[in-house]
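Protein chains in written order, with my numbering: chain A, 7 to 274; chain B, 1314 to 1523.
Beta carbons are placed, not taken as given, at the ideal position from N, Cα and C, and that holds for glycine.
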Amino acid sequence: MYRTTTILGAIALLAACSSKKVNEQPIMENGDRVPSTEVTVAVAQEQVNRDRAIAEQRQGELMADALATCSGAICEAVTRGEVVIGMTTPQVLAATRTTEDAWSIRQSGNATVLAPATRLAAPSDAVGELALVQLRDGRVMTYGYRESQGMRLVSNPSEATTAGVARSRADALIREGDDYAARGDLDAALDRYDRASVLSMDDPMLEYRIATVLDKALRPIEAQLRYRMFLHRMELERIDAVGQAYANIAAAMVHARERIIVLERQGR
Amino acid sequence: MVRSDVGILARRLAVVPVALLALGATAACGSKQVSRIDPNSVTDLSGRWNDTDSRLVANALIEQSLTGPWLNRYMQSHAGEAPTVIVGTFRNRSMEHIPVTPFIRDLEAAYVNSGAVQVVASADERGEVRAEREDQQENASAETRARIRQETGASYMLQGDITSIEDEENREKVIYYQIDATLVDLESNAKVWIGQHRIKKYIERPRFGS
C-alpha cells in the first residue's frame, strides 16, 4: 500500500515537473499553396477607380462652378490654388483641389466654418495646410494656416502678401521668444528673436529685445552692439516728436543708453 | 600457413580501395534531381525563414494596407488623388538572415498595380535615376530631355521591422516571427497605418539524423 502511494506520488511529481506539450494543428503544411493577392489587388483597384471617378467628377463640377462665378483676383487665386478673402465655398474647395468630403462644414446663421474632416490628411492650398476657413454671408472672411510657429490667421488681404506673411511669422516667433525669455531660457529666446529678425528686419523693438537678452546672458560686447543698433534705428528726432504714443519706446531708449554707459565702463 | 594468411589479408585489403572507387564513381555519375515547382507551393525544409513566410507577410500587408482607412481618408481629402509612398528602412531585428526585399517588392507591386498608392524611388534607388537625368541635361536633345526638379515628394514613408523569438528543447523548436510595417506621415510624423503579421513555426527534428 505504502509502495503504491509512493509510486503514484512520484509519477504525479514527474508529470507536474515535465513540460506540457501542446498539440496544435498545423495551419499550413508542405504541399499547400500560398493564396495569391491578385483578388485583393483587383478589388482595391476597382474600389479606388470608382472613388476616384466620383471625386474627380465632383472636383470638376466645383472647379467649373468656381470659375464661372469668380472675377479678377479670385479667379487668379483659384487657378493658383490659393485661398483668399472673399471666396465662396465652391471657390475654396476648387482652390484647395478638394471636395466636401475633405471638410467638416458647420453652419450657424449667416456664418459657415470649414474645418478639416481629419487632421491626418488636412486639406492645403498653395501656401500651406489650412486649419480653418470662416465665411460670413457666403464669403471667406478669415482663414488660418497651421504652421510650425502655430496658427497663422489671415483676415485681410495685406496679411496674405509676402510681407504680411513674413510679419505674421515674425510676430509668432517674437511671441515664442518672449515666452522663453519669461521662462528663463535665454538661449532659446535669442534663437527665436534671431529668426524673427530675418523676417522682420526693420523692427527696432526686436533689436531691443535681442540686446536685453544678450545683456542678461552676460554677453556685453554683443549686447552693446545691439543697443547701438536699436538707437540708430529709432532715429531719435522723430521719436521725440511723436510724444506719448511712443512713451514705452522712449523709456526703452533711455534704458538702452544707460546700459551702453554701464557696459562701456565695465569694459574699461 | 602464416604466408597464406598474409596473402588473404592482402587480397582483402586490396578490395577496399576498389570498393571506395566504385562508390565515388557511382556518386559522381548519379544525376542531381532538380524540378520546377509552383512558386506558391509551401516547401519547408529547414524550418528557417523561407519564401512561404515572405509571401504570407506580403499577402497580409497588402490586404491590411489596401483596405485600411488611411487610404480612403487621404483620397477623400485630396479629391481622389493617390497618396505617394516612399519605402524607408525595414530592420531585421531577428537572429536570422531574413531578406526583406521580396515582400517589400510585392507590396510595391500591389500598390502600383492597384493604382491606389503611388510609389516613388527610395533613397537607394533614386541616385542612379538622378545621375541619368543629370547626364541627359548635357547629352540628350532638348525635346527628349527629362526635366530637373520635377520629382514627386512622398507623403508617407513605409518603415518596419522583423523580430523573432525562439524557444528550443531537445528535438523541438518553436520560432515566432513578428513583422510590423508602419506608414509615417512625412510632415507630422503621425503613424497613419500599422500593419502586422505573425508567424509561428513548430519544428520537430527526427530522432535520428539531422
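**OP:** Report the residue from A:L237, A:D193 and A:A257 whose alpha carbon sits nearest the alpha carbon of A:K222.
**Re:** Taking the first residue of the first sequence as position 1, residue 222 of chain A is located at position 216. Checking every option, the nearest Cα to that of A:K222 belongs to A:D193.
Original post:
What does A:P122 pair with, by DSSP beta-bridge criteria?
Top reply: Translated into positions along the first sequence, residue 122 of chain A becomes position 116. Per DSSP, A:W109.
Original post:
Where does the unbroken beta strand (DSSP E) through B:I1492 begin, and where does it stop?
Top reply: In the second sequence, the residue the question calls residue 1492 of chain B occupies position 179. Run containing B:I1492: E1485 to D1498, per the beta strand (DSSP E) assignment.
Original post:
Which runs of the alpha helix (DSSP H) spanning at least 4 residues fall entirely within the region 191 to 240 of chain A, listed in chain order?
Top reply: 192 to 205, 210 to 222 and 226 to 240
Subject >> Cβ neighbours of B:V1398 in the same chain (closer than 8 Å, five flanking residues each side left out) >> reply: Working through the second sequence from its first residue, we reach residue 1398 of chain B at position 85. Once the five neighbours on either side are set aside, the close Cβ partners of B:V1398 are Y1424, V1430, Q1431, V1432, V1433, A1467, S1468, Y1469, M1470, L1471 and L1496.
Subject >> A:N55: contacting residues in chain B (beta-carbon distance under 8 Å) >> reply: Within the first sequence, residue 55 of chain A is the residue found at index 49, counting from 1. Residues of chain B passing the Cβ test: G1428.
Original post:
If the cut is a Cβ gap below 9 Å, which residues of chain E does A:G92 touch?
Top reply: Absence of chain E from the displayed structure is noted, the protein chains being A and B.
Subject >> B:Q1509 - partner residues in DSSP beta bridges >> reply: Counting from one through the second sequence, the residue named residue 1509 of chain B turns up at place 196. DSSP lists B:D1493 as partners of B:Q1509.
Subject >> Cβ-based neighbour list, B:M1314, same chain, cut-off 6 Å, excluding 5 preceding and 5 following >> reply: On the second sequence, position 1 is the one that residue 1314 of chain B refers to. With a pLDDT of only 49 at B:M1314, under 50, the local geometry of the prediction cannot be trusted, and the value read off the model is given with reservation. Excluding residues within five positions, none has a Cβ falling inside 6 Å.
Original post:
What residues in its chain sit with their C-beta under 8 Å from that of B:R1446, if we drop five residues either side in the sequence?
Top reply: The sequence position of residue 1446 of chain B within the second sequence is 133, counting from 1. Within the same chain, B:R1446 has close Cβ partners A1459 and I1461.
Original post:
Helix, strand or coil: which one does DSSP assign to B:F1416?
Top reply: Here the question's residue 1416 of chain B lines up with position 103 in the second sequence. Three-state DSSP puts B:F1416 in a helix.
Subject >> Burial state of A:E44 (16 or more Cβ within 10 Å) >> reply: If you number the first sequence from 1, residue 44 of chain A lands on position 38. By the 10 Å Cβ count, A:E44 comes out exposed.
Original post:
Counting along the chain, where does the beta strand (DSSP E) carrying A:V84 start and finish?
Top reply: Within the first sequence, residue 84 of chain A is the residue found at index 78, counting from 1. From DSSP, A:V84 is part of no beta strand (DSSP E) but of the alpha helix (DSSP H) over A79 to R86.
**OP:** Can you grab the Cα-Cα spacing for the pair B:R1404 / A:P129, in whole Å?
**Re:** As a first step, residue 1404 of chain B is located in the second sequence; it is residue number 91 there, counting from the start. As a first step, residue 129 of chain A is located in the first sequence; it is residue number 123 there, counting from the start. Between B:R1404 and A:P129, the C-alpha separation is close to 33 Å.
Original post:
Between A:S110, A:E88 and A:R58, which lies nearest to B:A1392 when the distance is taken from Cα to Cα?
Top reply: For this step, residue 1392 of chain B is matched to residue 79 along the second sequence. With distances taken between Cα atoms, B:A1392 lies closest to A:R58.
Subject >> Separation of A:M235 from A:A257, as counted between CA atoms >> reply: Counting from 1 along the first sequence, the entry for residue 257 of chain A is found at position 251. Counting from 1 along the first sequence, the entry for residue 235 of chain A is found at position 229. About 16 Å.
**OP:** Can you tell me which of A:E82, A:G92, A:A72 and A:I91 puts its alpha carbon nearest to the alpha carbon of A:T105?
**Re:** Here residue 105 of chain A is taken as the residue at index 99 of the first sequence, counted from 1. Comparing Cα positions, the closest option is A:A72.
**OP:** Hey, could you find the ends of the beta strand (DSSP E) A:A137 is sitting in?
**Re:** Working through the first sequence from its first residue, we reach residue 137 of chain A at position 131. L136 to R142 is the extent of the beta strand (DSSP E) around A:A137.
**OP:** Output yes or no for whether 8 Å exceeds the beta carbon distance between A:Y233 and A:A262.
**Re:** By one-based count along the first sequence, residue 233 of chain A stands at place 227. By one-based count along the first sequence, residue 262 of chain A stands at place 256. Yes, these two residues count as a Cβ contact at 8 Å.
Subject >> contact_flag[the region 1354 to 1366 of chain B, the region 68 to 82 of chain A] where n(CB pairs < 8 Å) is 3 or more >> reply: no
Original post:
Quick one: Cα of B:L1374 to Cα of B:S1454, how far?
Top reply: Looking up residue 1374 of chain B in the second sequence gives position 61. Looking up residue 1454 of chain B in the second sequence gives position 141. Taking the straight line joining both Cα atoms gives about 43 Å.
Subject >> Enclosing beta strand (DSSP E) for B:N1584 [first to last residue] >> reply: There is no way to answer for residue 1584 of chain B, as the model of chain B reaches only from 1314 to 1523.
Original post:
Where does the unbroken alpha helix (DSSP H) through A:R181 begin, and where does it stop?
Top reply: Position 175 of the first sequence holds residue 181 of chain A. It spans T168 to R189 - the alpha helix (DSSP H) in which A:R181 sits, taken as one unbroken run.
Original post:
In chain A, which residues lie less than 7 Å from B:A1423 when you measure between Cβ atoms?
Top reply: As a first step, residue 1423 of chain B is located in the second sequence; it is residue number 110 there, counting from the start. Those within 7 Å of B:A1423 in chain A are T43 and V47.
**OP:** Report buried or exposed for A:A127, applying the criterion of at least 16 other Cβ atoms within 10 angstroms of its Cβ.
**Re:** In the first sequence, counting from the first residue as 1, residue 127 of chain A sits at position 121. It is buried - the Cβ of A:A127 has at least 16 other Cβ atoms within 10 Å.
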